[in-house]
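In what follows, a single structure is set out as structure tokens and then discussed.
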Amino acid sequence: GLATLLFDLLTAEEEQIDERTAALRFDIPLLTERLVAATEWTRRQTALRHFRVGYFGASTGAAAALMAAARVPDIAAVVSRGGRPDLAGAALPQVRAATLLIVGGDDHQVIVLNRQAQAQMTCEVKLEIVPGATHLFVEPGTLEQVAALAAGWFAAHMGTQE
Numbered sequence: 004g005l006a007t008l009l010f011d012l013l014t015a016e017e018e019q020i021d022e023r024t025a026a027l028r029f030d031i032p033l034l035t036e037r038l039v040a041a042t043e044w045t046r047r048q049t050a051l052r053h054f055r056v057g058y059f060g061a062s063t064g065a066a067a068a069l070m071a072a073a074r075v076p077d078i079a080a081v082v083s084r085g086g087r088p089d090l091a092g093a094a095l096p097q098v099r100a101a102t103l104l105i106v107g108g109d110d111h112q113v114i115v116l117n118r119q120a121q122a123q124m125t126c127e128v129k130l131e132i133v134p135g136a137t138h139l140f141v142e143p144g145t146l147e148q149v150a151a152l153a154a155g156w157f158a159a160h161m162g163t164q165e
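Just so it is clear: in the sequence shown, position 129 is 132 by the numbering used here, and no numbers are missing.
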């Protein structure tokens with residue numbers, strides 16, 4: 004019951020620059036603009052107009068998802084996986100989309116950052132901690148747990164069937 008559009012927020016050339024500098028992955032305004040543009044493109048597609056939109060972001064992409072959700076009024080849901088929602092800063096209280104923050108249980112600093120961001124948000128927001136997972140969820144079974152949590156969140160908040 005869900006359709007997905009998977010894309011990179013950086014171009015191939017930008018990825019090469021970012022591999023050397025690690026600067027573009029933290030350019031949250033740039034990443035946000037790319038996500039908003041993709042959302043606008045989606046809404047221009049006749050076959051996709053009837054779908055509600057939700058965002059799934061990982062790491063700094065989660066901050067971009069939250070900033071985009073603060074700007075685009077009818078985003079239904081946001082899921083952050085191992086994200087840095089703290090980097091969305093002043094946009095956090097403006098997010099209206101139901102938000103799920105998923106963090107690995109062994110990613111202690113990111114748990115703290117997610118709790119701080121959660122405290123700033125005024126929408127429905129839930130923090131799920133996946134026991135035994137680190138930042139990239141490389142441990143066996145942890146990505147499957149993330150997928151189940153995300154699918155359940157989107158299904159519950161976007162009016163779809165699991």
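Where is the CB? At the ideal position from N, CA and C, for every residue including glycine.
Between the segment 31 to 43 and the segment 56 to 75, the count of C-beta pairs closer than 8 Å reaches three or more; the two stretches touch.
If you look at residue 35, you'll find it in the alpha helix (DSSP H) that goes 31 to 47. Taken through DSSP and simplified to helix, strand or coil, residue 23 comes out as helix. Distance from the CA atom of residue 62 to the CA atom of residue 87, rounded to whole angstroms, is 5 Å. Closest in alpha carbon position to residue 159, among 80, 65, 23 and 10, is 80.
In this chain, the beta strand (DSSP E) harbouring residue 56 covers 56 to 61. Approximately 20 Å separates the beta-carbon atoms of residue 142 and residue 103; this is outside 8 Å, ruling out the contact. Comparing alpha-carbon positions, the option among 47, 39 and 50 lying closest to residue 64 turns out to be 39.
With 16 or more other Cβ atoms from the protein chains shown falling within 10 Å of its own Cβ, residue 105 counts as buried. Counting only residues of its own chain and dropping the five nearest sequence neighbours on each side, residue 84 has a CB closer than 6 Å to the CB of 61, 105 and 149.
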